[in-house]
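Everything in the sequence shown is counted per UniProt numbering, starting at 1 for the first residue and increasing by one.
Backbone N, C-alpha and C define an ideal beta-carbon position, used for all residues, glycine too.
The model shown is predicted, which means the values in this text are computed figures rather than measured ones.
Report on the following structure.
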Amino acid sequence: MVDWTDDRIAALSDQDLKNLLVNAERKSVAEVIAQCKAEMEKRDALKPRKASKPRTELKEFEHEMAGQLAAVGREMAAKYDLSEETAKAKSADVKGFRAHRLLDNKGYAKLGGMQRDGSVAIDRYISYRRGTDVVSLNVFLLKDQPIEAHEFHVIAPKALLDGARPVAEIRPTATEAQKQPADSGLAFKDLPSAAAAFDAALAKITA
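Here's what the structure looks like:
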């Protein structure tokens with residue numbers, strides 16, 4: 001029987017080490033199994049790790065904006081009752097009602113459909129639904145545009161917005177398949193102004 005010392009195991013090729021482990025497990029040789037696994041862990045630790053690719057300027061901006069929108073969402077949630085439970089209770093007469101989660105699973109702004117299908121560079125949003133009405137706050141950037149060209153959109157039913165414009169004017173590239181959650185909206189170049197309009201719309205929808 002071979003005396004499998006640590007040095008002898010360390011001298012094995014990767015494939016021979018795997019074969020030895022298989023044989024040791026088949027024969028239930030606990031000590032050799034432990035030695036093989038320890039050697040494999042040691043080799044894994046020495047392997048160079050692939051460095052994660054740094055975010056592009058666009059992705060960095062998107063990540064930052066997704067966080068800023070989420071911060072507005074949390075501020076609004078502290079001001080109004082935007083819970084899914086209340087939305088469902090207030091929308092009991094709407095068949096098949098599905099409440100909107102204000103943020104995504106990681107606590108950031110959600111990924112919009114137009115970015116998901118690749119038709120725009122950035123479409124991140126937070127939203128609240130009650131009844132048949134949806135209010136959303138988005139950051140939006142068309143493809144092949146400089147980051148500075150981004151806009152903030154508040155999309156909601158016309159009755160909830162002052163000075164609302166048709167969504168088709170705000171998002172002229174949207175197709176019929178990329179239906180928006182409401183027919184009207186406002187476009188802003190700065191987040192504080194958009195957040196104020198979003199706040200005003202939420203005040204009406206939750207009244």
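CA-to-CA distance, H150 to L58, given in whole angstroms:
For this step, residue 58 is matched to residue 58 along the sequence shown. For this step, residue 150 is matched to residue 150 along the sequence shown. Roughly 11 Å separates the two Cα atoms.
So with Cβ pairs under 8 Å, would you call K27 a contact of chain C?
No chain C appears in this structure, which consists of one protein chain only.
How would you call Q15, buried or exposed, if buried means at least 16 neighbouring beta carbons within 10 angstroms?
Walking along the sequence shown from the start, residue 15 turns up at place 15. The residue in question, Q15, is exposed, as its Cβ has fewer than 16 Cβ neighbours within 10 Å.
Going by the beta-carbon positions, is the gap between R130 and A109 smaller than 8 Å?
Looking up residue 130 in the sequence shown gives position 130. Looking up residue 109 in the sequence shown gives position 109. Taking 8 Å as the Cβ cut-off, R130 and A109 do not qualify as a contacting pair.
Just grab the DSSP bridge partners of V135 for me.
In the sequence shown, residue 135 corresponds to position 135, counting from 1. In DSSP, V135 forms a bridge with Y128.
Please state the DSSP three-state secondary structure of K37.
Here residue 37 refers to the residue found at position 37 of the sequence shown. It is helical.
Would you list the one or two residues that DSSP bridges to G112?
In the sequence shown, counting from the first residue as 1, residue 112 sits at position 112. Bridge partners of G112: none, in fact.
What separation, rounded to the nearest whole angstrom, lies between the Cα atoms of G67 and K95?
As a first step, residue 67 is located in the sequence shown; it is residue number 67 there, counting from the start. As a first step, residue 95 is located in the sequence shown; it is residue number 95 there, counting from the start. Whole-angstrom Cα-Cα distance: 33 Å.
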